[in-house]
Each structure stands twice: as structure tokens, then as C-alpha cells.
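J.:
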């Protein structure tokens, strides 16, 4: 009898709640019972609330078991785990799980499905097919496909990717670069991480396509240091790709050279801002550069550089494989395609949900998320990271669309959605926004560097009931100054969460200091 | 992880690993902190010489990044996430609890997002992430770390 394949994710969330221990327990239990199993370490399907989520291959179906602990393993074997036997933790075939069925997995389709570090598995799932197709199409047609797709930067700014690539392709320079922004500093976001841990070769292929399209022979990945497991997975994938000739000079005799260097950040939030990231890649302090010049003209080491977020890049191979029109056919208005929304915080079923734009917050939080984890009423939702607006419950029907969000003074950013129940003290969260800005400001511009500290002080006075009205007006004025006069989004958008609290949850300022 | 001064030879080896390229300063410091825990003034001096940078330049970079500690940490570094998603799941209480457990062996640091937001509150002990951490689980993690000694 051949070994039964059991998938146990090696992905930060799964490992953080015991996936490695489950893998060890399965191997030990199988050995004791003289059964042959083959452990496969895949990435995450994004259903973080079910982690550790393991799957057993039985009669060509993958039977899932959720929230498995090492202590469950003996009883799972007793229940006939290897034949997909009945057990409290059994969820049924993975492709029948509600959470996954309704998703539109354009970018994350390989995550969870494949063994993350197996080049063979990657190749068996269309790996490097888009790169080879790109070589047949030629750079112009590749850029045209990206432009047609309407893909916009998924890091948060939403800039059209096709225009960025065109600018770099047209720039006259011997050396150009692809800089992949994997700094994912926005709190409440983890889609880059899930992609890199679940489909690292997919990112490598995406960067190579970008390099081919714009004429860049070198790529950098700037990965945040808070992701050590990602670093190890990505490092091994890069090595495997190099050894197999998918990176390096004259890749697969195509005449195309492309290499990738993996850099680590060092705990600075601002380094997720593209110009600060370039400074950091050059070995310097992550201080924001004034724009212009745009990085597409003068980027890394002064050379034309494509700076794209992980998810932006990872959306590319399917655009090449299936065509830009297909991608543009999803979504609403000028928000084309899909976004990997990350639902977290006080929510029952937190995780990653890739859907076409136009889905509402309510669908994501109630249908997917299952409401608050505490069971208490929802009070607020922060969308788009630490610089994102706090939305009250009555705005949950807003469709996720860049423009619709801009219309209500909010932003989608990198797609993080953090849920709070009615115990949240919004005044404290407004203070936290200023505190975070004070902590992370690069210090180059005054409104951000000093405004954030003054903002904390003003909010403290309001919370302490000191001259409420006057301080309210002062805080609004400070928000105007920061928004209008800061160099980058750090100082420029910190007012978003603060203003939204003033607008929707003003009563929390009167609640006084929390204990 | 040493509590004492960092071996100049070891630093030299790290610099060579990056071909003494000044643009690799951040990466060199990342490696030094990973392997030695912190950056001393001697190290700053040595790096400035080796990379042909001014001491002020190196010092500026060291001061800029949160990860580059300028004091030796304890044997174990415990990062407790204090960002919004973990706050919504009660991380305030966990942070207070964590600080009550700090001693010479255990350094508690704040971190603003470990990207484990759907399994909060999140903690990292010596580069390993843990999710759904309550005070009880926190104590068990610390006990295990102390036992392993690293």
C-alpha cells in the first residue's frame, strides 16, 4: 500500500497555533501503528480560524479536519483518519467548505493547494507557464495585457500597474530594477505573507515577468523582519529556483537574465512607503524621499524601478495566462479584478477572503466572518490598516470599491478589515493612531513628526474632559495640517482614523479615561 | 546570545559575507542583531571603518530602526503584538501580564503587527510566532522557552 498523503500547513498562523506539533504527532502515531503516511507541507487556504487545518487525500479527494491539535491525533487515527473517517474535527472535502466555495481565487488559487516549497508541484500547477507565454508575447504585449486588466497597486495606493510598467519600460537606462514591496506593515493585514508562504514560486515567476516586460535584470524583495518563517520559505524557494535555472543568466535559454536578492527590513513601518523602502534597500535610514522624481524614473540607486506590492505582482501570471479582459471583467467601476480581503480582529471566522471588488463589508464580516467573536454587537470596523478610517455599523453596506470608499472619506488600502465589538473605546483608538504615527514617523517632515505627538496630547486632554470643545476644534485643525502638509501617507493619513472617531464616536471622548 | 561585547572577528565575518558593500549596511546590522542580539558602539565604529562610512552615518541607521537594539537583551526576546486587531481581542491585558513576567532572562518588546491578526492575540518568542495567546498560554510559552534555554 502506498503512503497516504496528509497536508499540514507550514504557514505562520497555522504554525502559531500548533501545526508543527500536529505534523510531528501524525508522523509518530503512524509509525507506532505501522501505517505509511507522507506529510506534505502546504501553505494556508486562508481560513485562519480553522487552523491547524489538515487534509487527508482519500479516493482523490482532500478531506479536511479543522482546529486539530496534537492531542487529537491518536483519536483521529482511531477514527480512521487515513480513510477520511468520521471525527468531531472532520469538515469534509476541502472544496466543499463554505468559506472557500464563494471566493474568487485569481491570485491566491495555488495557496493551500500545493506543497509550497516543491518546484515540481508548482510546475504541475501551471508554474512558469505565464513567464514562458510572456516570452512568446513580447514585452509590449505583456504591458498591454496588464493595462487592459485594469490592475491597480494592491499595497494601498491603487496606482495603475500598467502605467507604472510602461513608464519604466520607456525609461532609457542600462540598469532597471523590480522592487517587490513585502514590508506589509499595515496592521491587520497578512495577505502578502500568506501568498509568499503558500506560493513562493508564484511570486518569483511574477517578478520575472515584470522584469522581462520592463527590461530589468535584477529584482529585490524587501521583506519585513516580523516574518521569520516567510523569510526562511522565500529564501529556500529562491535557492531552488536558482538551482533549477529559473533565476539567473539566460533563463531556460530564453536569453533573458533575471536575479532576485532578498532583503530584510528592521522593524520600521515607514519602510513600507515606496521611497523609504528604496532608501532602506540602499542601506540607509528609511527616510521618505520627496516626489518627483518618481521611482519609475529615478528609483533604486537612481535607476528606473518598478515598485510593486506582493499581491499586485502575484496577480500578474493569471492575467498573462487568461488575458487582461478576463481580469477586467471582474469588479466594479474602476476597481477591476479581485482583492484578498483580510478579515480579523474581533470576528468569529477570521482569515483571507479573495473576492471581486464590489463585495460589501457586511458580506465579508457577517457571511464570511460570522460576526463578532465575542458575540457582542459590532461597534466599528477599521479598513485599510492603521491609517484607515473607523467605520460605524451603519456603513457596512458600502461596497468595497476604491472610489466608493474615497467618497465616504475612507480607503481600502491593502484590504485589512479589523472588527471591534461594543467594548472598544474609540477615543483610545484615535489616540493610538496618533501614538503609532509618533512612534513610526521617519521625522523628515514637521506635520508628521511633531503633529502626531501634539495630537496625542490634545486627545489626552479631551479624554480627561479638559476644555472639550476647544480641543475638539484644535484637533480638527491639526488633522487638516497633517493631511495637507505631510510628505507621505504616514502623516497625511493618520488623521483618517482620528477624524472618523470624532465624526462617528464622539461620545467616547466624554467617557473619560479607561482604567 | 551573548551579554558581553561582540567579537570583532565575528562582525568582520558578517561584513565579508556581504562583500563589505556599504549599501548592505542594513542587512549587515540585521545579521549582527540576529546573531548577537544587539549593536554596541564598538560595532558601530568597526562597521564605519569597514564600510568606509562615517560613524554618524552608521549610528543614524542603528538609531532609526526599531530592531537594532543598542543594549544587550535577555536570553529570550518576547514580542507582544499591540496593534488594533490584537487589541480588539484583549491584548491590553496580555501586555500588562507580559510585563509582569519580564526579568533578566526575558526581554518583553512591543510589536505592531505580526501578521497573525486572525489568530490574535499574537506573540513571538525568539522568532517563533504564537497565536490565540491568553495569559495562561503565555506563561506556558515562557516556561518552555526557559526550559529550552536556547
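Protein chains in written order, with the working numbering: chain A, 1 to 515; chain B, 516 to 665. Glycine residues also receive a C-beta, built at the ideal position from the N, C-alpha and C atoms. Please read these numbers as outputs of a predicted model, since none were measured by experiment.
(1) Measuring only between beta-carbons, confirm whether residue 23 of chain A sits less than 8 Å from chain B.
(2) Measuring alpha carbon to alpha carbon, tell me which residue in A/34, A/251, A/51 and A/59 is nearest residue 349 of chain A.
(3) Given a cut-off of 8 Å, decide if residue 7 of chain A and residue 521 of chain A are closer than it, judged by their beta-carbon atoms.
(4) Within the same chain, show all residues whose beta-carbon is closer than 8 Å to that of residue 139 of chain A, passing over the 5 residues directly before and after it, in chain order.
(5) Is there contact between the stretch 387-407 of chain A and the stretch 328-340 of chain A, where contact requires at least three CB pairs shorter than 8 Å?
(6) Do residue 97 of chain A and residue 27 of chain A count as a contact pair if the criterion is CB distance below 8 Å?
(7) With a cut-off of 8 Å on the beta carbons, I'd call residue 287 of chain A and residue 274 of chain A a contact; round off their distance for me.
(8) Have a look at B/532, B/522, B/584 and B/591 and flag the residue whose alpha-carbon is nearest the alpha-carbon of residue 561 of chain B.
(9) Nearest-angstrom Cα distance between residue 516 of chain A and residue 186 of chain A?
(10) Which complete beta strand (DSSP E) runs does the stretch 150-223 of chain A hold, if anything under 3 residues is left out?
(11) Would you identify the three-state DSSP class for residue 561 of chain B, choosing helix, strand or coil?
(12) Use the C-beta contact count for residue 223 of chain A: other C-beta atoms within 10 angstroms, 16 or more gives buried, fewer gives exposed.
(13) In chain B, which residues lie with their C-beta within 9 Å of the C-beta of residue 217 of chain A?
(14) May I have the straight-line CA-CA distance separating residue 184 of chain A from residue 146 of chain A, to the nearest angstrom?
(15) Please return the same chain residues whose Cβ sits closer than 6 Å to the Cβ of residue 546 of chain B, not counting the five positions on each side in sequence.
(16) Less than 8 Å between C-beta atoms, sequence neighbours within five positions excluded: which residues of the same chain meet that for residue 568 of chain B?
(17) For the beta strand (DSSP E) holding residue 5 of chain A, just list the boundary residues, first then last.
(18) Mind checking which residues open and close the alpha helix (DSSP H) that includes residue 31 of chain A?
(19) Would DSSP call residue 115 of chain A helix, strand or coil?
(20) Any chance you could list the beta strand (DSSP E) runs of at least 3 consecutive residues sitting entirely within the stretch 230-278 of chain A, in chain order?
(21) Starting from residue 583 of chain B, find everything on chain A with Cβ-Cβ shorter than 7 Å and list it in chain order.
(22) Once the 5 residues before and after residue 320 of chain A are set aside, which same chain residues still bring their CB inside 7 Å of it?
(23) If we ignore side chains and look at the alpha-carbon of each, how far apart do residue 623 of chain B and residue 336 of chain A end up?
(24) Mind reading off the beta-carbon distance from residue 89 of chain A to residue 78 of chain A? Whole number of angstroms is fine, and I expect it under 8 Å.
(25) For residue 444 of chain A, which of helix, strand or coil comes out of DSSP?
(26) Which residues mark the beginning and the end of the alpha helix (DSSP H) in which residue 666 of chain B is found?
(27) Taking 8 Å as the cut-off, does the stretch 426-434 of chain A touch the stretch 357-371 of chain A (at least 3 CB pairs, one atom from each stretch)?
(28) Between residue 365 of chain A and residue 343 of chain A, how many whole angstroms is the CB-CB distance? I'm expecting something under 8 Å.
(29) Please check if any C-beta of chain A sits within less than 8 Å of the C-beta of residue 561 of chain B.
(30) Could you name the residues of the stretch 639-653 of chain B whose beta carbon sits closer than 8 Å to any beta carbon of chain A, in the order they occur along the chain?
(31) I'd like to check one pair, residue 372 of chain A with residue 419 of chain A: are the Cβ atoms closer than 8 Å?
(32) Output needed for residue 504 of chain A: all residues of its chain with C-beta closer than 6 Å, excluding positions within five of it in sequence on either side, in chain order.
(33) I need the straight-line Cα distance from residue 207 of chain A to residue 201 of chain A, nearest angstrom please.
(34) Give the secondary structure of residue 38 of chain A by DSSP, where H, G and I count as helix, E and B as strand, and everything else as coil.
(35) Just to check my reading of the structure: residue 282 of chain A and residue 300 of chain A have Cβ atoms closer than 8 Å, yes? What is that Cβ distance to the nearest angstrom?
(36) Using 8 Å for Cβ pairs, my map puts residue 628 of chain B next to residue 598 of chain B. What's the rounded Cβ distance?
T.: In brief:
(1) no
(2) Nearest C-alpha to residue 349 of chain A: A/51.
(3) In the structure displayed, chain A extends from 1 to 515; residue 521 of chain A sits before or after that span and is not available.
(4) 169, 212, 213, 214 and 215
(5) Yes, the stretch 387-407 of chain A touches the stretch 328-340 of chain A.
(6) no
(7) Residue 287 of chain A to residue 274 of chain A, Cβ: 13 Å. No contact.
(8) B/522
(9) It is not possible to answer for residue 516 of chain A, since the shown part of chain A is limited to 1 through 515.
(10) As far as the stretch 150-223 of chain A is concerned, its whole beta strand (DSSP E) runs of at least 3 residues are 177-182 and 218-223.
(11) helix
(12) buried
(13) The contacting residues do not exist; residue 217 of chain A stays about 17 Å from chain B at best.
(14) Cα to Cα, the separation comes out at about 23 Å.
(15) 529
(16) 537, 540 and 562
(17) It spans 4-7 - the beta strand (DSSP E) in which residue 5 of chain A sits, taken as one unbroken run.
(18) In the DSSP annotation of this structure, the continuous segment of the alpha helix (DSSP H) that includes residue 31 of chain A starts and ends at 19-32.
(19) strand
(20) 259-264
(21) 266
(22) 130, 133, 134, 142, 145 and 209
(23) 43 Å
(24) So it is not a contact: roughly 12 Å between Cβ atoms.
(25) coil
(26) There is simply no residue 666 of chain B to check, as chain B begins at 516 and stops at 665 in what is shown.
(27) They do not touch, by the three-pair rule.
(28) 6 Å
(29) It does not: the Cβ of residue 561 of chain B has no partner Cβ on chain A nearer than 8 Å.
(30) 639, 642, 643, 644, 645, 646 and 647
(31) yes
(32) 392
(33) 10 Å
(34) strand
(35) 7 Å
(36) 4 Å
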